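Its first residue numbered 780, the sequence shown is counted upward by one per residue in the numbering used here. Some notes on the structure that comes next.
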Amino acid sequence: MNESIDHLVDWLQDAYAMEKHAETMLRTQASRLNNYPELKTRIEQHIDETIGQQKALETCLEGLDSGPSAMKDLAARMGAFAQALGGGLASDEVVKGAMAGFVFENIEIAAYTTLIAAARECGRDDIRQTCEAILPQEIEMARWLLAHLPQVTETFLAREAVDDDAAKR
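Here is the structure:
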């Protein structure tokens, strides 16, 4: 059981770092979306959810006499910064950002599904319930992005045909 708990702690730390990465990535993306207000509003809403998720994961880790991994957190933030920097150079930044967001949400869905199973196996109903509360937020954001990818793409293409700068962001 100790190895299972060790894995649970490790995966919770991974999830916390993942949410820190998400926050950095989402904040950067939202700050650059001047011409896509609906997408910007939804991303800002998800930033609030992400911060709540971080706090919930910290509580889970504290309940296991642990905390976030400074190294994983730093690596996640550096990765998010590099991703944001690279995305800012793309002429189709808004489309690539929406696609990347959708992929990232699905990674989060997989992570929380794994954490739910691990918490159940370790007899940690508190952690299972926390992750079960987070999972629908990630599923909803993924669904929203999937449903809006066509609109973002079509708007980008229409704007790009007339004004390249307005299309990008």
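Heads up, the beta-carbon is just placed ideally off N, CA and C, and yes, glycines get one too. These figures come from a predicted structure and were not determined experimentally.
Classified as buried, alanine 794 has 16 or more neighbouring CB atoms from the shown chains inside 10 Å of its CB. Each residue's CA atom was taken as its position, placing leucine 812 and leucine 836 some 29 Å apart. In the three-state scheme derived from DSSP, where H, G and I count as helix and E and B as strand, asparagine 781 is classed as helix. Aspartate 827 carries a helical assignment under DSSP once its states are collapsed to helix, strand and coil. Going by DSSP, cysteine 901 is part of no alpha helix (DSSP H) at all; its letter is neither H nor E. The straight-line gap separating the alpha-carbon atoms of alanine 940 and threonine 934 is approximately 10 Å. Of the residues Asp785, Gly842, Val882, the one whose Cα lies closest to the Cα of alanine 801 is Val882. Approximately 20 Å separates the beta-carbon atoms of glutamine 808 and isoleucine 913; this is outside 8 Å, ruling out the contact.
The straight-line gap separating the alpha-carbon atoms of isoleucine 888 and serine 783 is approximately 21 Å.
Remark: C-beta atoms of threonine 909 and cysteine 839 approach each other more closely than 7 Å.
Close CB contacts of isoleucine 906 within its chain, under the 6 Å cut and outside five residues either way in sequence, are with Cys839, Ala898 (chain order). Counting of Cβ neighbours within 10 angstroms places arginine 922 among the exposed residues, the total staying below 16.
Distance from the CA of aspartate 785 to the CA of glutamine 792, rounded to the nearest whole angstrom, comes to 11 Å. Within the same chain, no residue comes within 6 Å of aspartate 942 by CB-CB distance, once the 5 residues on both sides are set aside.
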